[in-house]
Amino acid sequence: NMAALQTHRPAVHQQLITLPASPDVKLVEVNEGLLSIAQRNAQGQPIVLSPGGDPRSVVAQVTQQLLKNRSAGRPLALCGLGDGYVLGALTPEIWGPGHAFGQTPPIFVLEPDPSIVLHNLMIHDWSDAAGPIASSRCFWCVGSDWYESLYRMVMDDTGLPLPDRKSTRLNSSHLVISYA
Numbered sequence: 008n009m010a011a012l013q014t015h016r017p018a019v020h021q022q023l024i025t026l027p028a029s030p031d032v033k034l035v036e037v038n039e040g041l042l043s044i045a046q047r048n049a050q051g052q053p054i055v056l057s058p059g060g061d062p063r064s065v066v067a068q069v070t071q072q073l074l075k076n077r078s079a080g081r082p083l084a085l086c087g088l089g090d091g092y093v094l095g096a097l098t099p100e101i102w103g104p105g106h107a108f109g110q111t112p113p114i115f116v117l118e119p120d121p122s123i124v125l126h127n128l129m130i131h132d133w134s135d136a137a138g139p140i141a142s143s144r145c146f147w148c149v150g151s152d153w154y155e156s157l158y159r160m161v162m163d164d165t166g167l168p169l170p171d172r173k174s175t176r177l178n179s180s181h182l183v184i185s186y187a
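Each number in our numbering comes from the position in the sequence shown (counting from 1) with 7 added on.
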């Protein structure tokens, strides 16, 4: 994963290799031995980023919602990476193709906490050519400056379809899909 990031997402790679250790984020074992991520909230309590501690159930529910509510050709903003199982499930069959020209709509990964990304890389292998690290349909905005990264993407590529008021936004730490 780190080698793929260095090749395809050098800015994210640089953030992760310089990231100090965080006592607030850790891997935890959940349902059926799967790994998830726990993050301490403001009160110091660990919150598992897979609702109900069952990543497979979350993926099934979110996938079902996406298939029902898929908007043709509209981008998806994944607002928070959560434990990454949803991102791994967003295959072209689930989110695309829907564009008039058969193009797969883009997915924007918006994660303000680089520690969450780093822990996801410990759970998932996203390094293959079709995975979210190398895929040209995935746009990564990571860190406290995620908004500035998104803004720069827009300025650099004015043809980039962005999530708008009719686009789907998915908070991967909750079972909620909203439409901006």
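Using N, Cα and C, we set each Cβ at its ideal position, and we do this for glycine too. Since this is a predicted model, take the numbers as computed values, not measurements.
For the alpha helix (DSSP H) that residue i lies in, which residues bound it at each end?
i              : result
isoleucine 140 : That residue, isoleucine 140, is in no alpha helix (DSSP H); it is neither H nor E in DSSP.
tryptophan 147 : Where tryptophan 147 is concerned, there is no enclosing alpha helix (DSSP H), although the beta strand (DSSP E) it sits in stretches over 145 to 149.
alanine 28     : From DSSP, alanine 28 is part of no alpha helix (DSSP H); its letter is neither H nor E.
leucine 94     : 92 to 96
Out of the options, which one is the CA nearest neighbour of residue i?
i            : options                       : result
proline 113  : Cys145, Gly150, Thr70         : Cys145
valine 66    : Gln52, Arg81, Ser43, Gln50    : Ser43
glycine 150  : Leu12, Asp120, Ala136         : Asp120
glutamine 72 : Gly51, Asp90, Gln52, Ala96    : Ala96
leucine 62   : Ser143, Ala84, Ala136, Ile130 : Note on identity: in this sequence residue 62 is proline, with leucine being the wrong assignment. That would be Ile130, whose Cα lies nearest to the Cα of proline 62.
alanine 18   : Ile54, Gly59, Val55, Asp152   : Asp152
lysine 40    : Leu128, Gln50, Gly60, Asp163  : Checking the sequence, you will find glycine at residue 40 rather than lysine. Among Leu128, Gln50, Gly60, Asp163, the Cα nearest to that of glycine 40 is on Gly60.
cysteine 148 : Glu118, Ser64, Thr111         : Glu118
tyrosine 154 : Ala10, Asp132, Cys86          : Cys86
serine 64    : Asp90, Pro139, Ile54          : Asp90
alanine 11   : Met162, Pro139, Val161        : Pro139
valine 55    : Thr111, Asp163, Asn127        : Asn127
serine 143   : Gln52, Asp132, Leu167         : Leu167
Is the beta carbon of residue i sitting closer than 8 Å to the one on residue j?
i            : j            : result
glutamine 21 : aspartate 31 : no
valine 124   : leucine 34   : no
valine 69    : valine 93    : yes
alanine 141  : histidine 15 : yes
serine 29    : serine 122   : yes
According to DSSP, what are the bridge partners of residue i?
i             : result
proline 53    : Arg47
glutamate 39  : According to DSSP, which records beta bridges pairwise, glutamate 39 is partnered with nothing at all.
glutamate 118 : Val149
alanine 18    : None, per the DSSP bridge assignment.
So, under 8 Å CB-CB, residue i and residue j are touching, yes? Tell me the CB distance rounded to an integer number of Å.
i           : j            : result
valine 116  : leucine 88   : 6 Å
serine 134  : asparagine 8 : 5 Å
leucine 169 : proline 27   : Not quite, the Cβ-Cβ distance comes to about 32 Å (not below 8 Å), so this is no contact.
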